[in-house]
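Trainee:
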Amino acid sequence: MTSGGPHQRGKGSELDAEAACKPGRGLLGGPFASTQRPRFSSLGLSTTLRKSLLLATVLLVGYSIGALNHRCSLSSSGSGASFVQQIAAALGTSNGGYGSSGSSSGSGSDGGSSRAWGMAGAGGAAGSALGDFALVNKTLRFPVCNGFANQRLSILYGVVLAKRLGRAAVLPVLVDNGLQRGDSAVLATANNQIPFEEMYDLPHFLTSMAGAGVRVLLPADAPPANTVLRLAGLARGQQGGVSEALATTYASIRHIAIDCPLFKLGAEEMQPGFEPLVWAALNGLRPSKEAAALVDKISRAISSKAAALARGSSSSSTGSSSTASGGGSSSSAAAAAASAADANLLAVAGATNGARGGGGRGAIRVARSRALQAASDWATAAYGPARPFNFIHLRIENDWIEHCRRWESIRDGIVRDNCYAHTDEVAEQLALFGFSNSTPLYVGSYWDDVEPARRDTALAKLRAAGYTLVTSADVFPAAAAAVAAGAGGSSAGSGAGGAAIAANELEGRGREYRAMIEYFVGLRAQRFIGNSVSTFAALGMLERRRAGRWAAYYNGGNIPLASVLPLLHRLPWVFTYNSWSGQYDYLLKGAVRSALATRSFQPYCIFMGNETSAIHSWLVAHNVTVIAHEPAWREQLLALAGRKAQNNVAHSHLYKTPDSLVSTFQRVDLPVVPVLDQYSYVLYTDADVFFRRPIRLDDFGLPLPRSVSMSYEMDPMFPYNAGVIVANLPVMRRNYKAFIAMMLDPGVSEGLYYPGFGPADQGIINKFYEADLRGRMLNQLFNAKPYSTFDNAAYILHFHGPKPHEYAAYLNTGQCDFKGLCEKAFAMSLCRYTREWARWVPEEPVALRLGDACGLLDNPAFQRLRGTTS
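In the numbering used here, the protein residues as written are 111 to 980.
#1: Where does GLN890 sit, in a helix, a strand or coil, going by DSSP?
#2: Give me, in chain order, the residues of the same chain whose beta-carbon lies closer than 8 Å to that of LEU327; leave out the 5 immediate sequence neighbours on both sides.
#3: Closer than 8 Å by C-beta to VAL956: which residues in its own chain qualify, once you throw out the five before and the five after it? Chain order, please.
#4: Take ASP286 and list the residues in its own chain whose beta-carbon comes closer than 8 Å to its own, dropping the five residues that flank it on each side.
#5: Bridge partners of ILE835, per DSSP?
#6: Out of SER673, LEU706, GLN746, point me to the one whose CA is closest to TRP683's CA.
#7: State the DSSP-derived secondary structure class of ARG340, mapped to helix, strand or coil.
#8: Quick check: what's the CA-CA separation for VAL171 versus HIS679?
#9: Whole angstroms are fine: how far does the CA of ARG654 sit from the CA of LEU633?
#10: Rounded C-beta distance between ILE850 and TRP743? I'm assuming under 8 Å.
#11: Contact check, ALA579 vs VAL553 under 8 Å by CB: the rounded distance?
#12: Using three-state DSSP, classify PRO676 as helix, strand or coil.
#13: Note the first and the last residue of the continuous alpha helix (DSSP H) segment covering LEU967.
#14: Do PRO781 and MET852 have their C-beta atoms within less than 8 Å of each other?
#15: Looking at the strands, I want to know which residues DSSP matches up with SER819.
#16: The beta strand (DSSP E) that contains PHE775, what's its start and end?
#17: Do ARG945 and CYS964 come within 8 Å of each other at the CB atom, strictly closer than that value?
#18: Work out the CA separation of ARG709 and ALA335 for me, nearest whole Å.
#19: Note down the Cα distance separating LEU967 from PHE867, rounded to an integer number of angstroms.
#20: Using CA coordinates, which residue listed in ILE737, ASN665, TYR791, ASN720 is at the minimum distance from ASP769?
#21: By DSSP, does ARG505 sit in helix, in strand, or in coil?
#22: Roughly how many angstroms lie between the CA atoms of ALA894 and MET827, to the nearest whole one?
#23: Comparing alpha-carbon positions, which option in LEU814, GLY752, TRP728, SER773 lies nearest SER479?
#24: Find out if the Cβ-Cβ distance for the pair LEU807, ILE669 is shorter than 8 Å.
#25: Go ahead and pull the three-state DSSP assignment for THR567.
#26: With 16 as the cutoff for other CB atoms within 10 Å, does ALA635 come out buried or exposed?
#27: Does the separation of the CB atoms of VAL799 and ILE906 fall below 8 Å?
#28: Compare the beta carbon distance of ASN528 and ASN688 with 8 Å and say whether it is the shorter of the two.
#29: Can you tell me the Cα-Cα spacing of THR645 and ILE737, whole angstroms?
#30: In whole angstroms, what is the alpha-carbon distance linking TRP557 and ILE506?
#31: When the distance is taken between beta carbons, is PHE711 closer than 8 Å to ASP796?
#32: Going by C-alpha distance, which of LEU793, PHE892, VAL858, ASN260 is nearest LYS877?
#33: Under the DSSP definition of a beta bridge, which residues are partnered with ASN500?
#34: Please report the straight-line C-alpha distance between LYS699 and SER409, rounded to a whole angstrom.
#35: Kindly list the residues whose CB is nearer than 7 Å to the CB of ARG573, restricted to its own chain and excluding five residues on each side of it in sequence; keep chain order.
#36: Count the CB pairs spanning the region 499-513 and the region 745-752 that are closer than 8 Å, and state whether there are at least three.
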């Protein structure tokens, strides 16, 4: 950084601040865009150093502009990209990995288009960021292992490792039957293998990898086997990681072969820079032409079979199903299925709203973030439109039960308690996730390995809940023959005539080929739910979520795959906001920008007010999905509050206006807001926070909270602060009706103050969930305050109480509405946190003023002067 100082200062002094804010010239425009920029010596600087120099220059220029003109806002930069987005673009990074960093409010950028998303996801736009091809003179061979999903992940790990080592990857042969009966990996053998191109689209995969900077060689084009050094015993956890060992110890070896790389790279080795490659690998692994046609036929057959069952027909020929439910009818059915799910969600929770529908009070409107909409468009093009059926991947096979026994018995200090959880009551779990029994349900499992009694019991419970069931026995010909013999399925007695696909299309195909077909059928379903411990379900769920499609898991707890592959997972972060709190917009922007920079969140805003407002548009443009929601209990709440209006205002500023009151209570509706209903856990925060570090679900500690978890407010004692909540949505949904009844009970509160528990929604949350809250407090690292001791390990800083503009005003007036908190904050950690926070809102005058004040207060000369005069 210091070697670039003269260049930074020279260019910074030449930048005309006024011109930089004019249309057509962004903060990276002007001199930075001209051909006259200084050239570096022929020796050259590394790409990383050059980017660092550019970043430092931009930061210095941005600060200079902010000091000259505080009102040169981010949104007005001529390139259409915000200051933070332009910095990200300069560094070749993306906004949280969910879309191009160019998906800004400007009309000149196509960063939000499905094409741009698909290129970034499938490797096209990622090539420059990930570097050039590995030279052919160094190669890496690796096998895949186990079942379909594990093999898919093995390829992912293999190409990431090849990229890390600067080697070309040799395409592996696939395993035909990867069924595991123990801990040993199942590898391909002469009698148990299938060529890659029979399952996957080989040209597409090679192109996708080339775009991501990884060269993949076909086995026939690879160096002879007798020139390869075979390595064994490399394991995750060794010092420096597997990649470091291979990159150093074996760097001089031209051709190496390793064991199956599945889960061999630790989470710390999967650096954020590999994220485009990870998604390029997964998006590149799409079915071969023949397999894709089969996925399409079976998807249509499911709908046709369900329709036949609904008509009461136990035997129906669906050979013409490839045209039976196409075009507009399928789209209409899918839309009807989505609407039924939303309505069922509210019914299950006991939320009634007579005004629902028609766009009136209680209507739900979702404005997807640009990146998520682009992802959805890409998924439609890649996978096809969502089909009008739901998909559950039910893990009840014999091998799974044995796996759970072994997995949960591991004694390594990690809590493993959700491998088979809720499986026997899965129908109830589906209801908690808003599944409607009016939508057909495809039940996927490896039925050949399921005990008949267990199968019959599971399917009987689902039928008793009113679901129309379809299984592979109805649409896979090999299974249909078994149905005729009485071996199982959803419609015993339908016989082979119930199969929708010609028998020769799956004849001779192995277990993993059939698993692949079901996997991509699952990607097409309206809704998908599975077991998060299963790599099949977890990977399918994470791929669907990234593509903007609904996906959940029924077994509760965490997602083990996300723990070892954090690049695949985004923690849902939810906050509430409205269109009339403009004085706090700067805080919200800092929260969103800092969250996106961690690349660990999928942000959602529950919004009230004008949906054409500037802040609503800003949120959508900055990759926040905005959900317009007005709760059904609004009028009852206001009537209850009106009974002791004056006393309420004395308890909290949140009672000052009806809209403010309803807005702050919005968080109690977390479990009944559609879109969020796919998540088991969400992180809720107020808008007055900023994120200091990435957060993963497991960071909250295992086992995860039983219902809700919060941390203390000013003093380490109950009741707790609701500004940061880890929320278990299915449990909150089960309790929702009772919770709302207590909240609106005039005998429970004094107006809306809950004696002993506090005001408003925080008071009722503490009261209703007191036992769980006392039993498990959220670590204070997730709710650090500026009036407490500075903690460098904190994940979230919460401006609880005074806000930055109030701290700045306190310096001028000496007045603070929050008693002694202002003075205490300056004495504790406000200034250290402010320096971090200000970088997310560099255009805001309050950030500059407070930063300057803190600089003065921290100056040793000023401290000595203050000490002599005090």
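Even glycine gets a Cβ: it sits at the ideal position worked out from N, Cα and C.
Note that the structure is a prediction, hence the values are computed from the model and not measured.
Mentor: According to the data block:
#1: It is helical.
#2: Counting only Cβ-Cβ distances below 8 Å, and skipping sequence neighbours, we find VAL246, THR249, ALA278, ALA279, VAL280, LEU281.
#3: Closer than 8 Å at Cβ, skipping near neighbours: TYR696, PRO914, HIS915, ALA918.
#4: Here ASP286 has ALA298, ASN302, GLN303, ILE304, GLY620, ARG621, GLU622, TYR623 as same chain residues with Cβ atoms under 8 Å from its own Cβ, once five neighbours each way along the sequence are excluded.
#5: ILE835 is bridged by DSSP to TYR794.
#6: Ranked by how close their Cα comes to the Cα of TRP683, the residues SER673, LEU706, GLN746 have LEU706 in first place.
#7: Strand, per DSSP.
#8: Its pLDDT being 41, under 50, VAL171 is placed unreliably by the model, and the measurement read from it follows with that caveat. Going by C-alpha positions, VAL171 is about 35 Å away from HIS679.
#9: About 6 Å.
#10: Right, the Cβ-Cβ distance comes to about 6 Å (below 8 Å), so this counts as a contact.
#11: According to the sequence shown, residue 579 is Leu rather than Ala. Sure, about 6 Å apart at Cβ, within 8 Å.
#12: Correct three-state label for PRO676: helix.
#13: If you look at LEU967, you'll find it in the alpha helix (DSSP H) that goes 955-968.
#14: It is not a contact, given that the beta carbons lie outside the stated cut-off.
#15: According to DSSP, SER819 bridges with VAL836.
#16: Careful: PHE775 lies outside any beta strand (DSSP E), inside the alpha helix (DSSP H) at 768-775.
#17: It is a contact, given that the beta carbons lie within the stated cut-off.
#18: Straight-line measurement puts the Cα of ARG709 at about 41 Å from the Cα of ALA335.
#19: If I take the Cα positions, the gap works out to 37 Å.
#20: Nearest option by C-alpha distance: ASN720.
#21: In the three-state DSSP reduction, ARG505 falls in the coil class, being neither helix nor strand.
#22: Their backbone Cα atoms lie some 15 Å apart in a straight line.
#23: Across the set LEU814, GLY752, TRP728, SER773, the C-alpha of TRP728 shows the shortest separation from the C-alpha of SER479.
#24: Taking 8 Å as the cut-off, the Cβ atoms of LEU807 and ILE669 count as close.
#25: Of the three classes helix, strand and coil, the one that applies to THR567 here is helix, per DSSP.
#26: That one is buried.
#27: Cβ atoms of VAL799 and ILE906: closer than 8 Å.
#28: Against a cut-off of 8 Å, the Cβ pair of ASN688 and ASN528 comes out as no contact.
#29: Near 31 Å, if we compare the C-alpha coordinates of ILE737 and THR645.
#30: So the alpha carbons of these two residues sit roughly 9 Å apart.
#31: No; because the gap between Cβ atoms is not below 8 Å, this pair is not in contact.
#32: The shortest Cα separation from LYS877 among LEU793, PHE892, VAL858, ASN260 belongs to VAL858.
#33: LEU551, ARG637.
#34: Cα to Cα, the separation comes out at about 43 Å.
#35: Taken in chain order, the residues that qualify are LEU579.
#36: With a cut-off of 8 Å, the region 745-752 and the region 499-513 do not count as touching, because too few Cβ pairs lie within range.
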